[in-house]
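K.L.:
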Amino acid sequence: MDIEKYKDLFLSEAREYLRNMNSSILSLEKEPENRDILDSLFRHVHSLKGMSASMGYIEIQELSHRLESYMDSFRQGKKLLDENAIELLLRGVDSLSVLVEAVYSPLRKETDSSARTKIPSRGETTTLRVRASFLDELVDSVGELLVAQSRLESMLRLLSLPLHFSSGPDHSVQPQREEGSIEEAIDAVNRQIHLFHSKILSLRLAPLSTIADKYPRAIRDFVRQKGKQVDFLIEGGGVELDRRILEELDVPILHLLRNSVDHGIEPPEERIAAKKDNRGKVVLRARREREHVIIEVSDDGAGMDPEGLKAKAVSLGALSHEKASVLSREDALLLACIPGVSTARVVSESSGRGVGMDVVKSKIEALGGHLTIISSPGQGTSVSMIIPVSVSIVPVLLVTIPSYVFGLPLSRVEIILKEKEVESYTRNGDRHILYDGEMVPLKDLSVLLGLSADNISPQQGFHIVVCDVRGKRKALRVGQHLSHLTAYLRPLKLPLNKIPGLFGTTLLGDGRLIFILDPQGLFP
Amino acid sequence: MDIFRWRGGDLMAVKVLIVDDALFMRTMMKDILMSAGIEVVGEASNGKEAVEKYRELSPDLVTMDILMPVKSGIDAVRDIMALDRNARIIICSIMGQESLVREAIQAGAREFITKPFSKEKVLDVIHKVMNS
């Protein structure tokens, strides 16, 4: 029998069992006498033993066997599962993990199980494992199909063939001509491609739990190391995200969780003095809101002090006195994401909050998301990451400044206004428009991009695009707005991905390559 | 391809239900059986599913793991034997499970095989059980 071909399957299932073992032991720590949990822990170890025996991994088999025997005394009620026993079981699982991971080293292949998606199907026991890179290839090729389809549309337009997609009001009065069948054919292809695309994207979705399952164990160890007492909860582990995004989120989430434990939650004696429960609470919560997922890390710890953050930012020269005085509470909390400010002694006597918050913020923004912080001193802190479910296809608005076309993600656009119908003011040297009873800061897109825009003829006129930037309105002055289209986003590579404000590129129907801009990066 | 004779027929006509909570073990068993031309009609990942699938698919043979969630292999053997007194069930065990194997045999299982499986061992036992 060719054992090699079972290696991938072994590794991904073994990791699943190891995760289950960890969470069973953590549950046993809370309920040492729960026989069901003990039995299921035993079963996980036993399954791993059977699998490793079949693969000929004698060390894993032997250690699993010893863990089983060790557990037998508890299952027979001869011994009590005390703190030492829990610790020993956890160390045992750690050692098993090391042995399992060693199966692939030193030649660790790219297709490990963290890069795999297990796709649940209707039958309970029938699962299909698909190579993750294969799914990526499918997504790419369907993206190319979308581009080709949009080229076809624009070529037809050049031939002056009327195109009536879906059911336009005058569709019925069009005489049935030969071209009509082309329209219908393209319409049908269009619909199919979009259907195909959304199905393929959904294949790439994986629940948050695929990365979050290992957090309880990691947080437990960290909590002990820091001498704190913390209950950690995960809510919404079933919320699904694109696997590529999930992989990117692992580090930021873990970082925020550690921050909560280290800098948020006070030591037990401090909490008691503050008339709080001696055990702190840290919660990782996920929920879906339309095309976004909101992942929140909250704690009931010491909270953050916006005034302290402001003072620190001013003393570092990152912020002027004037700006600091008008900064909202929420924006002041985000100052914690500026390197140096984050390590300030602003929270408690002991330490500052959020080393590396700048890394978290830039990672989330690179994914097209943003960060919000809510905090009150003494009450706790909640950091939310608002992230798109999937990034590769974006509806964009095409705008021009002479001889250039750019795309703006439609999800960031609130409204398009004609400049001549908008009241504008200059305040503190910055231009603003009055929109919806609000003074919205206005920037010229051509100036932001360092391009000249003086040859727009008055007839064409300028337009103002009001965008949503981290929950705030910002206005962009552009030439014309053309149309919107569904763009297949091609990610930028070095060095272009280092330029703030550039989100990606896409091909227009006529074959022109354009940049998709990121309003968040344009308004830092 | 090895073809095993069975009551004038061959093992290629045997329909098997594989029961194991580990996908890895089911896959390995399936590959062994299919390489011998044996038809795998279904898979179950716990004892409860095994009983349901047995009722639904009426396989000629069941390979049954012992320790599984929801319902153990031994309880599943009892339930299947109550459904069909002539059911042919092979227990898949591992060293250290001798007393459980004995219990399963008492419940009606015909034979047992011990992990790690080799193709020869698995087909031998199936041959023996199908000819009994």
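From first to last, the protein sequence lines stand for chains R and H.
Per the working numbering, the very first residue in the first sequence carries number 1; after that it's consecutive.
Per the working numbering, the very first residue in the second sequence carries number 1001; after that it's consecutive.
For glycine and all other residues, C-beta sits at the position ideal for the given N, C-alpha and C.
#1: Our contact map puts R/Leu241 next to R/Tyr215 with C-beta atoms below 8 Å; I'd like the distance itself, whole angstroms only.
#2: Kindly indicate if chain R contains any beta-carbon less than 8 Å away from that of H/Trp1006.
#3: Apart from the five residues just before and just after H/Tyr1054, which ones in its own chain have a Cβ nearer than 8 Å to its Cβ?
#4: Are the beta-carbon atoms belonging to H/Glu1089 and H/Met1064 less than 8 Å from one another?
#5: If we count Cβ pairs, one from each stretch, closer than 8 Å, do we get three or more for the region 459 to 477 of chain R versus the region 410 to 422 of chain R?
#6: How would you label R/Gln76, buried or exposed, when you count the other beta carbons within 10 angstroms and need 16 or more for buried?
#7: Among the candidates R/Phe523, R/Thr506, R/Asp510, whose CA atom is the shortest distance from the CA of R/Ile516?
#8: Could you please tell me which residues of the region 191 to 210 of chain R, in chain order, have their CB closer than 9 Å to any CB of chain H?
#9: Using a C-beta cutoff of 8 Å, does H/Asp1021 count as contacting chain R?
#10: Could you check what DSSP says for R/Leu107 in three-state terms: helix, strand or coil?
#11: Closest to R/Ile253 by C-alpha separation, out of R/Glu269, R/Pro377, R/Lys276, R/Asp213, would be which residue?
#12: Which residue comes first and which comes last in the alpha helix (DSSP H) that contains H/Val1129?
#13: In three-state terms, what does DSSP make of R/Asp94?
#14: Could you please give the first and the last residue of the uninterrupted beta strand (DSSP E) stretch that includes H/Ala1042?
#15: Measuring alpha carbon to alpha carbon, tell me which of R/Arg43, R/Val405, R/Leu249 ends up nearest H/Val1070.
#16: Is the CB of H/Ile1074 under 8 Å away from at least one CB in chain R?
#17: Under 8 Å between the Cβ atoms of H/Gly1108 and H/Val1019?
#18: Quick check: R/Asn190 and R/Val93, are their CB atoms within less than 8 Å of each other?
#19: If we count the other Cβ atoms within 10 Å of its Cβ and call it buried at 16 or more, is R/Leu434 buried or exposed?
#20: Are there 16 or more other CB atoms within 10 angstroms of the CB of R/Met357, so buried, or fewer, so exposed?
#21: Measure the C-alpha to C-alpha separation of R/Ala475 and R/Val440 and round it to an integer number of angstroms.
#22: Is it right to say R/Asp518 is buried, meaning 16 or more other beta carbons lie within 10 angstroms of its own, or is it exposed?
#23: Does DSSP put R/Glu31 in a helix, in a strand, or in coil?
#24: Would you call the region 241 to 251 of chain R and the region 198 to 211 of chain R in contact, with 3 or more CB pairs under 8 Å?
#25: The alpha helix (DSSP H) spanning H/Leu1057 covers which residue range?
#26: Using alpha carbons as the reference points, say which of R/Ser298, R/Asp277, R/Ala273 lies closest to R/Val283.
#27: Below 8 Å on the Cβ atoms is my guess for H/Ala1022 versus R/Met51; work out the distance and round it to an integer in Å.
#28: How many whole angstroms separate the CB atoms of R/Gln229 and R/Asn259, which I take to be in contact at a CB cut-off of 8 Å?
#29: Where in the region 1065 to 1094 of chain H do unbroken runs of the alpha helix (DSSP H), each at least 4 residues long, occur, reported from the N-terminal end onward?
#30: Within the continuous beta strand (DSSP E) that includes R/Met439, where are the two ends?
#31: Touching or not, the region 418 to 430 of chain R and the region 327 to 342 of chain R, by the rule of three or more beta carbon pairs under 8 Å?
#32: In chain order, what residues of the same chain lie with their CB nearer than 8 Å to the CB of R/Ile416, ignoring the 5 residues before and after it?
#33: According to DSSP, is R/Asp299 helix, strand or coil?
#34: Are any of the Cβ atoms in chain C nearer than 8 Å to that of R/Ser40?
#35: Going by DSSP, what residues sit across from H/Leu1017 in a beta bridge?
#36: Taking 8 Å as the CB-CB cut-off, is R/Thr505 touching chain H?
P.N.:
Looking at the coordinates:
#1: Here residue 241 of chain R corresponds to residue number 241 of the first sequence, with the count starting at 1. Here residue 215 of chain R corresponds to residue number 215 of the first sequence, with the count starting at 1. That pair is no contact at about 16 Å.
#2: As a position in the second sequence, residue 1006 of chain H is number 6, starting the count at 1. Note that H/Trp1006 scores 49 on pLDDT, short of 50, meaning its location in the model is unreliable; the coordinates nonetheless yield the value given after this. Cβ-Cβ to chain R under 8 Å: no for H/Trp1006.
#3: Against the second sequence, residue 1054 of chain H aligns to sequence position 54. Answer for H/Tyr1054: Leu1017, Val1062, Ile1080, Leu1083, Asp1084, Ala1087, listed in chain order.
#4: Reading the second sequence from its first residue, position 89 is the one you call residue 1089 of chain H. Reading the second sequence from its first residue, position 64 is the one you call residue 1064 of chain H. For the sequence presented, residue 1089 of chain H should be read as Ile rather than Glu. It is a contact, given that the beta carbons lie within the stated cut-off.
#5: Touching, yes, given that three or more Cβ pairs across the two stretches are closer than 8 Å.
#6: In the first sequence, counting from the first residue as 1, residue 76 of chain R sits at position 76. Exposed is the call here.
#7: Here residue 516 of chain R refers to the residue found at position 516 of the first sequence. Ranking the options by Cα distance to R/Ile516, first place goes to R/Thr506.
#8: Under the 9 Å Cβ criterion, the region 191 to 210 of chain R contributes no residue.
#9: As a working mapping, residue 1021 of chain H is identified with position 21 in the second sequence. Yes, contact with chain R.
#10: Here the question's residue 107 of chain R lines up with position 107 in the first sequence. With a pLDDT of 43 at R/Leu107, under the threshold of 50, the modelled position of that residue is not reliable, and the figure given next carries that caveat. It is coil, neither helix nor strand.
#11: By 1-based counting over the first sequence, the position of residue 253 of chain R is 253. Checked all of R/Glu269, R/Pro377, R/Lys276, R/Asp213; the closest Cα to R/Ile253 is R/Asp213.
#12: As a first step, residue 1129 of chain H is located in the second sequence; it is residue number 129 there, counting from the start. Counting along the chain, the alpha helix (DSSP H) containing H/Val1129 begins and ends at 1119 to 1131.
#13: Position 94 of the first sequence holds residue 94 of chain R. Helix.
#14: Residue mapping note: residue 1042 of chain H aligns to position 42 of the second sequence, counting from 1. Here the sequence assigns Gly to residue 1042 of chain H, which means Ala is not the residue at that position. Going by DSSP, H/Gly1042 is part of the beta strand (DSSP E) stretching over 1039 to 1044.
#15: As a position in the second sequence, residue 1070 of chain H is number 70, starting the count at 1. Closest by alpha carbon: R/Arg43.
#16: Along the second sequence, one-based indexing puts residue 1074 of chain H at 74. For H/Ile1074, the closest Cβ of chain R is not nearer than 8 Å.
#17: Within the second sequence, residue 1108 of chain H is the residue found at index 108, counting from 1. Within the second sequence, residue 1019 of chain H is the residue found at index 19, counting from 1. No; because the gap between Cβ atoms is not below 8 Å, this pair is not in contact.
#18: By 1-based counting over the first sequence, the position of residue 190 of chain R is 190. By 1-based counting over the first sequence, the position of residue 93 of chain R is 93. The answer is no: Cβ separation not under 8 Å.
#19: On the first sequence, position 434 is the one that residue 434 of chain R refers to. A residue is called buried when at least 16 other Cβ atoms come within 10 angstroms of its Cβ; R/Leu434 does not meet this threshold and is exposed.
#20: Numbered from 1 along the first sequence, position 357 holds the residue referred to as residue 357 of chain R. The Cβ neighbour count for R/Met357, taken over all protein chains shown within 10 Å, is at least 16; the residue is labelled buried.
#21: By one-based count along the first sequence, residue 475 of chain R stands at place 475. By one-based count along the first sequence, residue 440 of chain R stands at place 440. Their backbone Cα atoms lie some 6 Å apart in a straight line.
#22: Here residue 518 of chain R is taken as the residue at index 518 of the first sequence, counted from 1. The residue is buried, with at least 16 neighbouring Cβ atoms inside 10 Å.
#23: For the purposes of this step, residue 31 of chain R is identified with residue 31 of the first sequence, where counting begins at 1. Residue state, collapsed to three classes: coil.
#24: A contact is defined here as three or more CB-CB pairs under 8 Å, and the region 241 to 251 of chain R meets this definition with respect to the region 198 to 211 of chain R.
#25: Against the second sequence, residue 1057 of chain H aligns to sequence position 57. 1047 to 1057 is the span of the alpha helix (DSSP H), which, as asked, contains H/Leu1057.
#26: By 1-based counting over the first sequence, the position of residue 283 of chain R is 283. For the residues R/Ser298, R/Asp277, R/Ala273, the minimum Cα distance to R/Val283 belongs to R/Ser298.
#27: One-based indexing of the second sequence puts residue 1022 of chain H at position 22. One-based indexing of the first sequence puts residue 51 of chain R at position 51. The pair is a contact, with the Cβ atoms about 6 Å apart (cut-off 8 Å).
#28: For the purposes of this step, residue 229 of chain R is taken as the residue at position 229 of the first sequence. For the purposes of this step, residue 259 of chain R is taken as the residue at position 259 of the first sequence. Their Cβ separation, rounded to whole angstroms, is 17 Å, which puts R/Gln229 and R/Asn259 out of contact at 8 Å.
#29: Whole alpha helix (DSSP H) segments, 4+ residues: 1073 to 1083.
#30: As a first step, residue 439 of chain R is located in the first sequence; it is residue number 439 there, counting from the start. Note, R/Met439: beta strand (DSSP E), 438 to 444.
#31: Verdict: no, contact absent.
#32: Indexing the first sequence from 1 puts residue 416 of chain R at position 416. Cβ neighbours of R/Ile416 beyond the five flanking positions: Leu397, His463, Ile464, Val465, Val466, His481.
#33: Position 299 of the first sequence, counting from 1, holds the residue named residue 299 of chain R. Reduced to three states, the DSSP call for R/Asp299 is strand.
#34: Here the protein chains are R and H, and chain C is not one of them.
#35: As a first step, residue 1017 of chain H is located in the second sequence; it is residue number 17 there, counting from the start. Answer is H/Gly1042, H/Val1062.
#36: As a working note, residue 505 of chain R is residue 505 in the first sequence. Under the Cβ distance rule, R/Thr505 does not count among the residues neighbouring chain H, no pair being separated by less than 8 Å.
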